[in-house]
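Numbers 226 to 547, taken from the numbering used here, label the letters of the sequence shown in order. Structure first, commentary second.
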Amino acid sequence: MDYENIEDVTNSTYEDGTNSSEYLKVLPHEIVITVICFVGLCTNVAIIYIILKFKQMHAIPNILLENWIIADICSLIVTPSTYRITFALANFKLNPSFLCSLLNLLTVFRISEISFATVIVIDWITNVYYPKISKGIKLYYKHIITCLWIAAILFAGVSVDLCINYIFYFYIPEVTELVSYSTLLVLVLIANCVRIVMKCKKKPLEHSTHMLTLVTSLVVTYFLGFVFTVFFIHSVLAIFVVCLVYLSTIFTFLILYFINKEFQMCIHQIFRRSNDDYADSILDATNRNSNAGQNNSMQICFHNPVQEMLGSVYYNTNNENQ
């Protein structure tokens, strides 16, 4: 589900240290993906900032979402497009083992994303239909998060070590990603089917569905990326779908904003504070200028000898008339 599987031109590009004509054709696409990755990174940072800043966002599903976002940040950082552009501009050879490490790390971090999304779906299902089990699971959510990250780090280390030792035909990350995604797909289908059945029976859910919607959007984008990459339906459509996969974080942000009222209120509060701070700074500057103007006018009146003389004459004339 990666652009590297669509156009495998890396070896032909860097064998002689020069840019091949094939890579020059793909270079604009690499630049587009790099820009999209940067936009995704900024969006991820914004989501994490909002979750960490506001206490009302410190619920367990949001903490799981935060770890999902961190895994997505890691996958965007190791996306090979940026490195290939950098090496091409510098006219350096791209080490095959380095590229292999990037691809395996990208796969491992995507497995981490899928794992956290799976935990979110399980938490949503148990919270809606099995609240007693949900309470028991939530007692161990810190241990679950820790175990997932330890597994990801160990898996990443093994993958990089195999690449360094020039064992390039290491398909375990890809197989693990496929199994993880299939498990998540089944859970999401079951959860949405039950949700639709309850809607038809006019039994509204008491819990919010925005987390299930988030995971469903991830499943849909990954499914499209998988179909267009494996079957190579059309090159332009494949690149467009891969861009959608990298833009999944923006979909996450939009879903949170339009469905999650707490997230929306947090964003409004941030902008309201920034506007209030801006208005306060302008008001303070205006007050300082007005105070400075008053002080200057008082100083001028006090040190003006003509005005003092006229004032004394006027005072003496009034006394004589009285």
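From the three backbone atoms N, C-alpha and C, an ideal C-beta is built for every residue, glycine too. Owing to the predicted nature of the structure, the values given are computational and were not obtained by experimental measurement.
Cβ neighbours of S337 in the same chain (closer than 7 Å, five flanking residues each side left out) | If the five residues before and after S337 are omitted, its C-beta is found closer than 7 Å to the C-beta atoms of A296, L373, A377, all from its own chain and listed in chain order.
Spatial neighbours of F334 in its chain, beta-carbon cut-off 6 Å, leaving aside the 5 residues before and after = Cβ contact annotation for F334 (same chain, cutoff 6 Å, sequence separation greater than five): A296, C299, S300, in chain order.
Residues in its own chain within less than 7 Å of A342 by CB, not counting five upstream and five downstream?
-> Hits under 7 Å: W293, L409, V440, L443.
Kindly indicate which residue of L252, Q281, N320, I302 has the alpha-carbon position closest to the one of V270.
-> Checked all of L252, Q281, N320, I302; the closest Cα to V270 is I302.
Nearest residue (CA-CA) to L412, options D348, C267, I261 | It is D348 whose Cα lies nearest to the Cα of L412.
Alpha carbon to alpha carbon, how far is F279 from T259? Give it in angstroms, no decimals.
-> If you draw a straight line from the Cα of T259 to the Cα of F279, it is about 31 Å long.
Measuring CA to CA, which of M423, Y366, S433 is closest to F483?
-> Out of M423, Y366, S433, the CA that lies nearest to the CA of F483 is found in S433.
Between the Cα of N329 and those of K428, I397, V353, spot the shortest distance and give me the residue it belongs to.
-> Among K428, I397, V353, the Cα nearest to that of N329 is on I397.
Determine the burial state of Y447: buried for a count of at least 16 other Cβ atoms within 10 Å of its Cβ, exposed for fewer.
-> Note on Y447: 16 or more other CB atoms within 10 angstroms of its CB, so buried under the neighbour-count rule.
Locate the alpha helix (DSSP H) running through F344, then write down its first and last residues.
-> At residue 344 the sequence reads Val, which differs from the Phe that was named. Element bounds for V344: 321-354.
Could you have a look at T259 and say whether DSSP puts it in helix, strand or coil?
-> In this structure, T259 counts as helix in the three-state DSSP scheme.
Candidates T351, F453, V445, M490: closest to F476 by CA position | Closest by alpha carbon: V445.
Sort C325, M282, I358 by Cα distance to M490 and report the nearest one.
-> Looking from the CA of M490, the closest CA among C325, M282, I358 belongs to M282.
Between the C-alpha atoms of Y366 and L252, what's the straight-line distance to the nearest angstrom?
-> Cα atoms of Y366 and L252: separation of roughly 43 Å, rounded to the nearest angstrom.
For L301, the first and last residue of its enclosing alpha helix (DSSP H) = It spans 285-302 - the alpha helix (DSSP H) in which L301 sits, taken as one unbroken run.
Mapping DSSP to helix, strand and coil, what is K428?
-> Coil at K428, not helix or strand.
Return the CA-CA distance between I362 and R309, expressed in angstroms with no decimal places.
-> If I take the Cα positions, the gap works out to 43 Å.
Taking only the alpha-carbon atoms, compute the straight-line gap between H254 and I339 and give it to the nearest angstrom.
-> Roughly 26 Å between the two C-alpha positions.
So, using beta-carbon positions, are L437 and V344 closer together than 9 Å?
-> Contact annotation: L437 and V344 have beta-carbon atoms that are not nearer than 9 Å.
May I have the straight-line CA-CA distance separating L481 from L472, to the nearest angstrom?
-> The straight-line gap from Cα to Cα measures roughly 15 Å.
For S384, the first and last residue of its enclosing alpha helix (DSSP H) = First-last of the alpha helix (DSSP H) with S384: 366-389.
Contact set for L266: own chain, Cβ-Cβ below 8 Å, skip 5 residues either direction = Cβ neighbours of L266 beyond the five flanking positions: I298, L301, I302.
Other residues of its chain near I464: CB distance less than 6 Å, five sequence neighbours each side excluded = Once the five neighbours on either side are set aside, the close Cβ partners of I464 are H254.
Output the distance between the C-alpha atoms of T268 and V470, rounded to the nearest integer angstrom.
-> Roughly 14 Å between the two C-alpha positions.
Since I believe L479 is in contact with V466 (beta carbons under 8 Å), could you give me their beta-carbon distance rounded to a whole number of angstroms?
-> Not really, about 18 Å apart at Cβ, beyond 8 Å.
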